[in-house]
Each structure stands twice: as structure tokens, then as C-alpha cells.
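All remarks here apply to the structure that follows.
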Amino acid sequence: MTFYDMMEFAADIGLDAVNLTGYYFASYPEVPENSELFRLKRKALGLGLNISWTGIRNNFVNPDADTRRIDIALIQKWLSVSSKLGASIMRVFTGRLTEDGFTRNEVKDWLVKEYKICASSGEENGVIVGLQNYNEFLFTSDDVIEILNRVESDSSPPLPKCLILISN
Numbered sequence: 005m006t007f008y009d010m011m012e013f014a015a016d017i018g019l020d021a022v023n024l025t026g027y028y029f030a031s032y033p034e035v036p037e038n039s040e041l042f043r044l045k046r047k048a049l050g051l052g053l054n055i056s057w058t059g060i061r062n063n064f065v066n067p068d069a070d071t072r073r074i075d076i077a078l079i080q081k082w083l084s085v086s087s088k089l090g091a092s093i094m095r096v097f098t099g100r101l102t103e104d105g106f107t108r109n110e111v112k113d114w115l116v117k118e119y120k121i122c123a124s125s126g127e128e129n130g131v132i133v134g135l136q137n138y139n140e141f142l143f144t145s146d147d148v149i150e151i152l153n154r155v156e157s158d159s160s161p162p163l164p165k166c167l168i169l170i171s172n
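Just so you know, this note's numbering puts 77 at position 73 of the sequence shown, and the rest follows in order with no gaps.
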């Protein structure tokens, strides 16, 4: 099913919005051409649909800082895509920690650092960065709230609330 087919289906069943997830684009992880983005945007508009969300794959609890930096660069590119599509929110994963030798607090520090960068980039693009948590590292609501609060309060200058919770 193409994005166009999915949008037709969504409109047929009376939905108001769709989620165009980045990793379903043929070019992923590279961003699509502007012409493709605007064709999708025009299709959604013609069907009366909002493109409300986008998302990509990332892992902010990977112990390798270089890999996390690569993920940030990818997120920043796709925040621009999200903005061009008119999406309000882009989902960004916490990720799954698969290696031992790190305390939870160390890993939470990584998350806060990476989400701060992404939240700033989101603000620059007019897109809210959503913390997508699949119970892979943050297991409790207290864990999630801690990260959200630290991302906002530890920023200098303080970041506006541009990070929300999205959880399954």
C-alpha cells in the first residue's frame, strides 16, 4: 500500500488525519525530494486530511555517542521534512539498551542531552518532538516525566514545552 492508497483509505473511512512515518519512504533514511513531499501534501489536502505526525527510527540509549550523533543528524533532516509536510509532531524513540555496564542514570543523561538538541531543532522547524516510548528503556511514568522535566528545565535558555509524551 502506498502513502496515496493509505490516504484514500483514511478519507474513505472518515479519518481526519494520517501519519507519514519516515521509514516507509522509499528513499529512507535519505529525505525525499521536495516534489514528492508536496505531492503528498496536496493529496492530503485534496482529501481533507491533515498530516499530523511523522516519525523515524533512532536509538538514543545506544552506548556509542557517535551513533547517537548520527541519529540526531537524521532527526534534524526529517524535522525539515515534517515541517514541509505540515506535520505538527515528529515521534523520536528512546530506544532499547542492549549492553550492560551503564547505570540507568548515565543513560538517562544521554536521553536528556539528545532530546534537548532535538527539541531545539524541532522548535526551529515548527515541529513538536514527541518522546516515543515503547517501554524499552523508560519503564514507568515517573521515568518518562523525569526526562520530560529535565529536557525543559536543564536548558539554557529554557526551552519552551516542545517535547510531549507519546506512549504505547
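For each residue, glycine too, the CB sits at the ideal point set by N, CA and C.
Only a predicted model underlies this, so the values are computations on that prediction, with no experimental measurement involved.
Selected residue, minimal CA-CA separation from residue i, among the options
i	options	result
residue 95	156, 10, 25 and 6	25
residue 79	35, 14 and 144	35
residue 64	97, 143 and 146	97
residue 101	121, 143 and 81	143
residue 9	37, 20 and 48	48
residue 61	38, 40, 52 and 28	28
residue 16	5, 109, 52 and 38	52
Backbone CA spacing between residue i and residue j [nearest angstrom]
i	j	result
residue 58	residue 106	31 Å
residue 67	residue 99	11 Å
residue 124	residue 156	10 Å
residue 46	residue 116	36 Å
residue 7	residue 111	36 Å
residue 18	residue 92	20 Å
residue 69	residue 114	9 Å
residue 50	residue 146	42 Å
residue 23	residue 71	26 Å
residue 20	residue 136	22 Å
residue 44	residue 141	34 Å
Buried or exposed (CB count within 10 angstroms, at least 16 for buried), residue i
i	result
residue 119	buried
residue 83	buried
residue 139	exposed
residue 134	buried
residue 11	buried
residue 42	exposed
residue 55	buried
residue 149	exposed
residue 153	exposed
Cutoff 7 Å: residue i Cβ touching any chain D Cβ
i	result
residue 139	No chain D appears in this structure, which consists of one protein chain only.
Those runs of the beta strand (DSSP E) which lie wholly inside the stretch 57–130 and span at least 3 residues: Entirely contained in the stretch 57–130, the beta strand (DSSP E) runs reaching 3 residues are, in chain order, 93–97.
Taking one C-beta from the stretch 100–115 and one from the stretch 74–90 each time, how about it: are there three or more such pairs within less than 8 Å? Taking one beta carbon from each stretch, the stretch 100–115 and the stretch 74–90 have fewer than 3 pairs nearer than 8 Å; the two do not touch.
Evaluate contact between the stretch 84–93 and the stretch 129–136, counting only Cβ atoms and requiring at least three cross-stretch pairs below 8 Å. Because the criterion of three Cβ pairs below 8 Å is met, the stretch 84–93 and the stretch 129–136 touch.
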